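Please read the structure below before turning to the comments.
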Amino acid sequence: MKTKIMMAMLALGLSVGTVQAADFRVGVVDTERVLRESSPALKAEKRIEKEFSGRDQEIKKLMKQVKELQALLEKEAGAMTDADHRNKERELTAMNVNLQRMQREFREDLNLRKNEELSIVLEQANKAIQIIAETEKYDLILQEAVYRNPKIDITDKVIKHLAIEKPAAKDGK
Numbered sequence: 019m020k021t022k023i024m025m026a027m028l029a030l031g032l033s034v035g036t037v038q039a040a041d042f043r044v045g046v047v048d049t050e051r052v053l054r055e056s057s058p059a060l061k062a063e064k065r066i067e068k069e070f071s072g073r074d075q076e077i078k079k080l081m082k083q084v085k086e087l088q089a090l091l092e093k094e095a096g097a098m099t100d101a102d103h104r105n106k107e108r109e110l111t112a113m114n115v116n117l118q119r120m121q122r123e124f125r126e127d128l129n130l131r132k133n134e135e136l137s138i139v140l141e142q143a144n145k146a147i148q149i150i151a152e153t154e155k156y157d158l159i160l161q162e163a164v165y166r167n168p169k170i171d172i173t174d175k176v177i178k179h180l181a182i183e184k185p186a187a188k189d190g191k
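So the sequence shown is numbered by my numbering: it starts at 19 and just counts up by one.
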């Protein structure tokens with residue numbers, strides 16, 4: 019008799035667990051895709067490109083000058099005096115050092131700026147995820163998963179929400 023009662027309680031407990039699990043809503047977001055494809059991310063990328071295009075052109079111009087001076091040194095090496103050759107080599111070395119410094123500073127500034135913009139986009143995405151989770155009654159939203167069933171992937175919803183929320187994001191900035 020005790021075993022029958024225990025079996026009945028166990029069966030009842032398992033069925034209650036499945037009913038609760040059926041009401042549990044889970045969603046998954048591909049954060050990398052949001053940072054690549056969302057409207058705020060694309061606009062941030064364009065702002066960064068515009069902001070750094072002048073420095074990029076400056077670096078390209080200096081690279082061209084270095085190549086031209088290097089070609090001149092190779093071409094005119096026999097016709098130059100030793101003093102002229104040494105002076106041109108020093109000039110080339112100084113230009114190379116300056117070019118490397120400019121490239122390093124450019125990369126550092128660009129990475130810093132990208133991180134700033136991406137953190138803003140990520141903050142906006144997290145707000146969008148929270149709004150979607152609350153309005154659509156999700157119990158759990160995961161941002162990374164080894165595997166995700168397309169039925170629970172809400173990445174498209176987040177990207178669409180960010181496109182709609184564009185004016186609000188500017189006000190908050």
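Heads up, the beta-carbon is just placed ideally off N, CA and C, and yes, glycines get one too.
Because the structure is a prediction, the values reported are computed rather than measured.
Practice problem: Could you spell out the range, first to last residue, of the beta strand (DSSP E) harbouring Val-46? | Solution: 44 to 46 is the extent of the beta strand (DSSP E) around Val-46.
Quiz item: With a Cβ-Cβ cutoff of 7 Å, do Lys-175 and Ile-159 count as a contact?
Solution: In this structure, Ile-159 does not lie closer than 7 Å to Lys-175 by Cβ.
Quiz prompt | Neighbour-count burial assignment, Asp-100, 16 or more Cβ in a 10 Å radius | solution = By the neighbour-count rule (16 or more Cβ atoms within 10 Å), Asp-100 is not buried but exposed.
Practice problem: Kindly indicate which three-state DSSP category Met-27 falls into: helix, strand or coil? | Solution: Interpretation of Met-27 is limited by its pLDDT of 48, a score under 50 that renders its predicted location unreliable; no figure is taken from the coordinates.
Self-check item: Any 3 or more C-beta pairs closer than 8 Å across the region 134 to 144 and the region 90 to 100
Solution: At 8 Å Cβ cutoff, the stretches do not touch.
Self-check item: Integer Cβ distance of Ser-71 from Ile-177, believed to fall under 8 Å
Solution: 27 Å between Cβ atoms; not a contact.
Exercise. Return the residue from the list Glu-86, Asp-171 and Val-52 that minimises the CA-CA distance to Asn-114.
Key: Selection Glu-86, Asp-171 and Val-52 evaluated against Asn-114 yields Glu-86 as nearest (Cα-Cα).
Quiz item: By Cβ distance, which residues of its chain are closer than 6 Å to Arg-131, with the 5 residues on each side in sequence left out?
Solution: Exclusion of the five residues before and after Arg-131 leaves Ile-66 as the residues of its chain whose Cβ lies within less than 6 Å of its Cβ.
Quiz item: Pairing CB atoms from the region 44 to 61 with CB atoms from the region 110 to 127, are three or more of them under 8 Å?
Solution: No contact exists between the region 44 to 61 and the region 110 to 127.
Self-check item: Simplified DSSP assignment, three categories, for Ile-159
Solution: If DSSP states are grouped into helix, strand and coil, Ile-159 belongs with the strands.
Quiz item: Ordered along the chain, which non-local residues of its own chain (more than five positions away) have a Cβ less than 8 Å from that of Val-47?
Solution: So the list reads Ala-143, Ile-147, Ile-159, Leu-160, Gln-161, Asp-171, Ile-172, Thr-173 and Val-176, once near-sequence residues are dropped.
Quiz item: Looking at the unbroken alpha helix (DSSP H) that takes in Ser-71, where does it start and where does it end?
Solution: Its alpha helix (DSSP H) spans residues 57 to 93.
Practice problem: My understanding is that Asp-157 touches Phe-42, with C-beta atoms under 8 Å, so please give their C-beta distance in whole angstroms. | Solution: Between Phe-42 and Asp-157 the Cβ distance is about 5 Å, and since that is below 8 Å, they are a contact.
Self-check item: Same chain, Cβ closer than 6 Å to Arg-51, neighbours up to 5 away in sequence not counted
Solution: Counting only Cβ-Cβ distances below 6 Å, and skipping sequence neighbours, we find Thr-173.
Quiz item: With a CB to CB cut of under 6 Å and the five nearest residues on each side skipped, what residues in its chain are close to Glu-109?
Solution: Cβ neighbours of Glu-109 within its own chain (closer than 6 Å, five residues either side excluded): none.
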